[in-house]
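Residue numbers (the working numbering): 108 to 184.
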(Lines of atoms letter the chains of each structure in order from A and count residues from 1; the text may use other names and numbers.)
(Lines give C-alpha, C1' and ligand atoms only; values in the text may rest on other atoms or scores of the structure.)
Protein backbone atom coordinates (compact mmCIF):
# COMPACT_ATOMS: atom_id res chain seq x y z
CA UNK A 1 0.00 0.00 0.00
CA UNK A 2 2.88 2.39 0.76
CA UNK A 3 4.40 2.03 -2.73
CA UNK A 4 0.99 2.58 -4.31
CA UNK A 5 0.60 5.82 -2.38
CA UNK A 6 4.07 7.01 -3.49
CA UNK A 7 3.27 6.15 -7.12
CA UNK A 8 -0.04 8.04 -6.93
CA UNK A 9 1.65 11.13 -5.43
CA UNK A 10 4.37 11.10 -8.09
CA UNK A 11 1.86 10.56 -10.92
CA UNK A 12 0.29 13.90 -9.97
CA UNK A 13 3.64 15.67 -10.17
CA UNK A 14 3.96 16.08 -6.43
CA UNK A 15 7.04 15.50 -4.29
CA UNK A 16 7.31 12.86 -1.59
CA UNK A 17 9.60 11.08 0.80
CA UNK A 18 9.36 7.29 0.61
CA UNK A 19 10.34 5.72 3.91
CA UNK A 20 11.39 2.10 4.28
CA UNK A 21 11.84 0.09 7.43
CA UNK A 22 15.45 -0.12 8.58
CA UNK A 23 15.33 -3.88 9.18
CA UNK A 24 13.92 -4.69 5.74
CA UNK A 25 15.40 -2.15 3.33
CA UNK A 26 18.63 -0.42 2.45
CA UNK A 27 19.00 3.24 1.58
CA UNK A 28 20.01 2.20 -1.95
CA UNK A 29 16.66 0.41 -2.33
CA UNK A 30 14.78 3.52 -1.25
CA UNK A 31 16.64 5.98 -3.52
CA UNK A 32 16.41 6.46 -7.27
CA UNK A 33 12.69 5.87 -7.72
CA UNK A 34 11.97 9.30 -9.17
CA UNK A 35 13.44 12.82 -9.25
CA UNK A 36 10.59 14.05 -7.00
CA UNK A 37 11.04 11.25 -4.47
CA UNK A 38 13.46 11.30 -1.55
CA UNK A 39 14.30 7.88 -0.13
CA UNK A 40 14.78 7.41 3.60
CA UNK A 41 14.88 4.74 6.28
CA UNK A 42 13.15 4.77 9.65
CA UNK A 43 12.38 2.58 12.63
CA UNK A 44 9.20 4.05 14.12
CA UNK A 45 10.18 2.58 17.50
CA UNK A 46 13.21 4.89 17.59
CA UNK A 47 12.15 8.54 17.89
CA UNK A 48 15.47 9.86 16.52
CA UNK A 49 15.01 8.04 13.20
CA UNK A 50 11.54 9.54 12.82
CA UNK A 51 12.89 13.02 13.57
CA UNK A 52 15.69 12.45 11.04
CA UNK A 53 13.19 11.67 8.27
CA UNK A 54 11.31 14.91 8.98
CA UNK A 55 14.56 16.91 9.04
CA UNK A 56 15.81 15.39 5.77
CA UNK A 57 12.45 16.05 4.11
CA UNK A 58 12.47 19.69 5.19
CA UNK A 59 16.10 20.13 4.06
CA UNK A 60 15.43 18.49 0.69
CA UNK A 61 12.00 19.93 -0.19
CA UNK A 62 11.76 22.96 2.10
CA UNK A 63 8.88 21.54 4.12
CA UNK A 64 5.91 19.22 3.83
CA UNK A 65 2.15 19.56 3.51
CA UNK A 66 0.80 16.07 4.23
CA UNK A 67 1.97 13.10 6.26
CA UNK A 68 0.52 9.75 5.21
CA UNK A 69 1.68 6.72 7.13
CA UNK A 70 1.13 3.10 6.33
CA UNK A 71 2.37 0.74 9.01
CA UNK A 72 2.14 -2.98 8.51
CA UNK A 73 1.38 -4.23 11.98
CA UNK A 74 1.62 -7.90 11.03
CA UNK A 75 3.97 -9.91 13.22
CA UNK A 76 6.60 -11.81 11.20
CA UNK A 77 6.50 -15.58 11.62
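Every residue gets a Cβ at the ideal spot worked out from N, C-alpha and C, and that includes glycine.
Residue i to residue j span [Cα, whole Å]
i	j	result
residue 152	residue 112	22 Å
residue 134	residue 169	21 Å
residue 157	residue 115	23 Å
residue 139	residue 110	14 Å
residue 146	residue 137	5 Å
Where the alpha helix (DSSP H) through residue i begins and ends
i	result
residue 115	109 to 118
residue 141	Element bounds for residue 141: n/a, residue is neither H nor E.
residue 167	154 to 168
residue 135	134 to 137
Status (buried if at least 16 other CB within 10 Å, exposed otherwise) for residue i
i	result
residue 130	exposed
residue 175	exposed
Start-to-end residues for the beta strand (DSSP E) that takes in residue i
i	result
residue 124	123 to 128
CB-CB length for residue i against residue j, believed under 8 Å
i	j	result
residue 148	residue 120	About 25 Å separates the two Cβ atoms, so there is no contact after all.
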